[in-house]
Amino acid sequence: MGARPSARSRITRPDRRFGPGELAALPREERRKLAQVLLSDGPARVLEFQSTGAYDEFVLDVPLLWRSRRVRVRVADEVVDSTALTRLREAVYAASDAEGVLVAARGVAAGIGVPTGVMLVTPEMFIARLERSASIEWPDRTPRPASDRLALQRDLDRDAYLLDPVGLRWLPSLALNELPSDLAGDMAPEDLLERVAFRLFTSALGFRGERFGEATRGHRLPDAVLRWPTPGHPAALLDCKAASSGYTMAADHLLRFAEYAESLRDDLQAAGHKLRYMLILSSSFPGPQGGRHPFFGRAADLNERTGLRLVYLRADDLARTATSIEQRGLSTDARTALDWSTAFDHGLVTSEHLTSMLGD
Numbered sequence: 013m014g015a016r017p018s019a020r021s022r023i024t025r026p027d028r029r030f031g032p033g034e035l036a037a038l039p040r041e042e043r044r045k046l047a048q049v050l051l052s053d054g055p056a057r058v059l060e061f062q063s064t065g066a067y068d069e070f071v072l073d074v075p076l077l078w079r080s081r082r083v084r085v086r087v088a089d090e091v092v093d094s095t096a097l098t099r100l101r102e103a104v105y106a107a108s109d110a111e112g113v114l115v116a117a118r119g120v121a122a123g124i125g126v127p128t129g130v131m132l133v134t135p136e137m138f139i140a141r142l143e144r145s146a147s148i149e150w151p152d153r154t155p156r157p158a159s160d161r162l163a164l165q166r167d168l169d170r171d172a173y174l175l176d177p178v179g180l181r182w183l184p185s186l187a188l189n190e191l192p193s194d195l196a197g198d199m200a201p202e203d204l205l206e207r208v209a210f211r212l213f214t215s216a217l218g219f220r221g222e223r224f225g226e227a228t229r230g231h232r233l234p235d236a237v238l239r240w241p242t243p244g245h246p247a248a249l250l251d252c253k254a255a256s257s258g259y260t261m262a263a264d265h266l267l268r269f270a271e272y273a274e275s276l277r278d279d280l281q282a283a284g285h286k287l288r289y290m291l292i293l294s295s296s297f298p299g300p301q302g303g304r305h306p307f308f309g310r311a312a313d314l315n316e317r318t319g320l321r322l323v324y325l326r327a328d329d330l331a332r333t334a335t336s337i338e339q340r341g342l343s344t345d346a347r348t349a350l351d352w353s354t355a356f357d358h359g360l361v362t363s364e365h366l367t368s369m370l371g372d
C-alpha cells in the first residue's frame, strides 16, 4: 500500500477532483486553449496551426542545441484509436518532422499500440501537466488559462535579462557587439552592455553609482558614474564600447570625455568623491605591446585636459574577476575593501593586475 499523503502535500497539491471525464466534457475550444498554454510553457514556438473535424494541430519549432526541430502536436476531439496514431505518423514522415505527439483529451481506445516516432499523451498525463503548470488556474476546480500570469510571464521573458544582477555569461559577447543567443530581444548589444556592466559593478563588485545610458542620448553624459562605497574615495566615469575588433580612441572621443568630466565633477566633489578615472570597458584594445600602445598618448592628453586618469578594462577580465569573487562568496565588507584604485592606476589594466587585487 502506498504512503498516505502528508498534510503539507494535501495543502500544496489540492484535490481538484478533475479527471478524464471532466476533461472530455470541456468544450473543444477550452481543451485547445489549455493545450496551447502547455505548449507555450517552454522555449517552443508555434509555426503553424490548423483545425479539422477530428483534431486541432500545432506545428512547433523546438530548440535543440544549435538547431531546432519540428514537432507536430494534435489534440484529438474524439477517442484515439490506432488509425489516428497511424495517420499522425504518416503526416510526420511526409513533412519530415522530428516527432509527433497525439493528445488524447477525450480518451484512448483499448488495446492500441503506439507506433515509432509518435508519443501518446493520455488524459491522465495531460491533466498531470495542467496541475503542474503555473500558467493554469483552477476556478471552481476547472482548469483555465491564467491570463494575468501569462501576461506577466511575457513581460518577464522580455525584460528579465535586463534585471540579471550579474549577467556574467553575457558580458564578453556584448562587448564584442554580439547579442548572445539566450537574450531574445530587440535591443542593441551596446545598450545591453551598458546595463549589464553597470549592474555587475553595483551588484557584484560593491560599487555605487548612477547609470545614464540610452535614456540620455544626445546629452554630454557617460554611460554611468561609479563611486567607491565610502566617502573620501574616488569616483570614475564609465563608458562602454561594444566593438567586434576592439576599441581605439578617436579624437572626438577625447573631447567628449572632457565634457563628461566638466559636467559631473562638481556634483561628485560636493558628495565627497573626487573624480579620478575615465574607465573604458570594451572587448579589447588593439595596439603594440609596451609604451608604443596608443593608450599612453591618449591617457596623457586626457590627463592634461581634465586631470583624469584613463583606464582601459577588458570585459573578459572583468567577468573573470567577478566570477572569482562570486565563487569565493566574498562578504559585502570584503568586496567593498578590494583595492580597485591600485588596479585602475595601471591604466591599461590586465588580468594580472586584477588577480593581484584579489590576493592570488
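The opening position of the sequence shown corresponds to residue 13 in the working numbering, with each subsequent residue numbered one higher. Every residue gets a Cβ at the ideal spot worked out from N, C-alpha and C, and that includes glycine. This one's a predicted model, so the numbers in the text were calculated from it and none came from an experiment.
Classify residue 58: buried if its beta carbon has 16 or more other beta carbons within 10 angstroms, exposed otherwise.
exposed
Notebook entry, point to check: For residue 28, which residues from the same chain have a beta carbon less than 6 Å from its beta carbon, with the 5 sequence-adjacent residues on both sides left out?
Noted result: 150, 153
Give the range of the alpha helix (DSSP H) segment to which residue 204 is assigned. 201-211
**Asked** From this set, 208, 54, 94, which residue's C-alpha is nearest residue 162's C-alpha?
**Response** 54
| said: On the criterion of 16 or more Cβ atoms from any shown chain inside 10 Å, does residue 206 qualify as buried, or is it exposed? | reply: buried
Can you tell me which of the three DSSP states residue 34 falls into? helix
Leaving out five residues on either side along the sequence, give the residues of the same chain with a beta carbon under 8 Å from the beta carbon of residue 35.
43, 117, 118, 135, 138, 139
| message | Taking only three categories from DSSP, how would you classify residue 84? | response | strand
Output the boundary residues of the beta strand (DSSP E) element that contains residue 75. 67-76
Legend entry - Beta-carbon contacts of residue 238 that lie in its chain and below 6 Å, excluding the five residues immediately before and after: 213, 219, 221, 248, 250
**Message:** Counting C-beta neighbours from all protein chains within 10 Å, is the total for residue 18 16 or more, i.e. buried, or is it exposed?
**Reply:** With a pLDDT of 44 at residue 18, under the threshold of 50, the modelled position of that residue is not reliable, and the figure given next carries that caveat. Label assigned to residue 18: exposed.
- Look up residue 272 in the DSSP assignment and say whether it is helix, strand or coil. helix
**Message:** Which same chain residues end up closer than 7 Å to residue 80 when comparing Cβ atoms and leaving out the 5 residues on each side of it in sequence?
**Reply:** 73, 74
Review point. By a C-beta neighbour count over all protein chains shown, 10 Å radius and 16 as the cutoff for buried, is residue 76 buried or exposed?
Key: exposed
Self-check item: Start and end residues, alpha helix (DSSP H) containing residue 356
Solution: 352-356
- Can you give the beta carbon distance from residue 183 to residue 200, rounded, assuming they're within the 8 Å contact cut? So it is not a contact: roughly 15 Å between Cβ atoms.
Check: Cα separation between residue 307 and residue 347?
Finding: 29 Å
ask   = Below 8 Å between beta carbons: does that hold for residue 186 and residue 204?
value = yes
Open item on the list: Nearest by alpha-carbon distance to residue 190: which of 314, 94, 114, 294 is it?
Closed with: 294
Practice item. Would you mind sorting residue 224 into buried or exposed? The rule is 16 or more other CB atoms within 10 Å of its CB. Key: buried
#### Entry: Meets three-Cβ-pair contact criterion under 8 Å: the segment 325-335 and the segment 270-278
no
_Measuring only the C-alpha atoms, how far is residue 329 from residue 148?_
44 Å
For residue 283 and residue 268, what's the separation of their Cα atoms in angstroms? 23 Å
*Buried or exposed: where does residue 235 fall if 16 or more other Cβ atoms within 10 Å of its Cβ makes it buried?*
buried
Notebook entry, point to check: If residue 70 sits next to residue 51, beta carbons under 8 Å apart, how far is it from one beta carbon to the other, in whole angstroms?
Noted result: 6 Å
Beta strand (DSSP E) runs contained entirely in the segment 228-299, provided each spans 3 or more residues
236-239, 247-253, 287-294
Proximity winner among 110, 179, 369, 255, relative to residue 326 (alpha-carbon distances)
255
So, using beta-carbon positions, are residue 142 and residue 46 closer together than 8 Å? yes
- Query: Who are the near neighbours of residue 131 in its chain, counting only those whose CB is closer than 8 Å to its CB and skipping five residues on each side?
  - Reply: 111, 112, 113, 114
Do residue 87 and residue 109 have their CB atoms nearer than 8 Å? no
From the DSSP output, read off the bridge partner residues of residue 131. 113
Within 10 angstroms of the Cβ of residue 179, are there 16 or more other Cβ atoms? Answer buried if so, exposed if not.
buried
Straight-line CA distance for residue 259 to residue 145? 47 Å
Worksheet item: Alpha carbon to alpha carbon, how far is residue 121 from residue 60?
Response: 28 Å
| query | Of the residues 91, 90, 127, which one's Cα is nearest the Cα of residue 103? | reply | 127
message: For a test of the three-state rule: what should DSSP assign to residue 138, helix, strand or coil?
response: helix
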